[in-house]
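This report concerns only the one structure given below.
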Amino acid sequence: NAGGSGSTTAAVAAIKYASENGAKIASNSWGGAPFSNTLNDTISYVHSIGTLVVAAAGNDGIYANYFYPACYDGVVGVAATRSNDIKASFSNFGPCVDISAPGVYILSLRANRTNLGISYDQYNSILSGTSMATPHVSGVAVASLILAQYPGISLQELHSRVMGGTDNIE
């Protein structure tokens, strides 16, 4: 919702809707705990029909093995780096992180509330987090470009190509 919160039911519906309507990549700049069988089953389902799921790894600065959806099998978990390619201090790390991307001081849209509703017409460059890093992986920077170059590749090949173009950071 506009306040940044939502339900598992809404997340499941959104991911299924996107996948069933042709989305090849599902970008999820959200997450938390606890484990949800329903969300896990949904991610398995969308994988089976060819959707790569990318998710933020969390902003607690801890070794995290319980942050979902990033920790579900087959999900590309995204940590955040600073501009010098060093892990951001707030970024979670550990077994749920598959890849890192810029996540500090990222230019982003800011919602403006007016009497006519919400518009997204002001930029705000002070946003940081794994939620800012996730679109770099799922969007222009990685997965979408691979799909544009190789439109017929399998989900496994897409995942492999995303991971093959990375370097290990500590």
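Residues 1 to 170 in this note's numbering are what the sequence shown lists, from first letter to last. Cβ coordinates follow ideal geometry from the N, Cα and C atoms, glycine included.
Just to confirm before moving on: does the CB-CB distance between residue i and residue j stay below 8 Å?
| i | j | result |
| --- | --- | --- |
| residue 88 | residue 70 | no |
| residue 128 | residue 106 | yes |
| residue 51 | residue 23 | yes |
| residue 46 | residue 28 | no |
| residue 18 | residue 11 | no |
| residue 61 | residue 91 | yes |
| residue 32 | residue 55 | no |
Note down the Cα distance separating residue i from residue j, rounded to an integer number of angstroms.
| i | j | result |
| --- | --- | --- |
| residue 84 | residue 133 | 14 Å |
| residue 66 | residue 130 | 15 Å |
| residue 21 | residue 155 | 16 Å |
| residue 94 | residue 163 | 16 Å |
| residue 74 | residue 8 | 19 Å |
Report the partner residues of residue i according to the DSSP bridge assignment.
| i | result |
| --- | --- |
| residue 81 | 87 and 102 |
| residue 45 | Beta-bridge pairing links residue 45 to no other residue. |
| residue 93 | 63 |
| residue 76 | 54 |
Within 10 angstroms of its Cβ, does residue i collect 16 or more other Cβ (buried), or is it exposed?
| i | result |
| --- | --- |
| residue 99 | buried |
| residue 35 | exposed |
| residue 135 | buried |
| residue 143 | buried |
| residue 44 | exposed |
| residue 148 | exposed |
Between the options, which has its C-alpha nearest residue i's C-alpha?
| i | options | result |
| --- | --- | --- |
| residue 16 | 102, 49 and 79 | 49 |
| residue 102 | 10, 79 and 96 | 79 |
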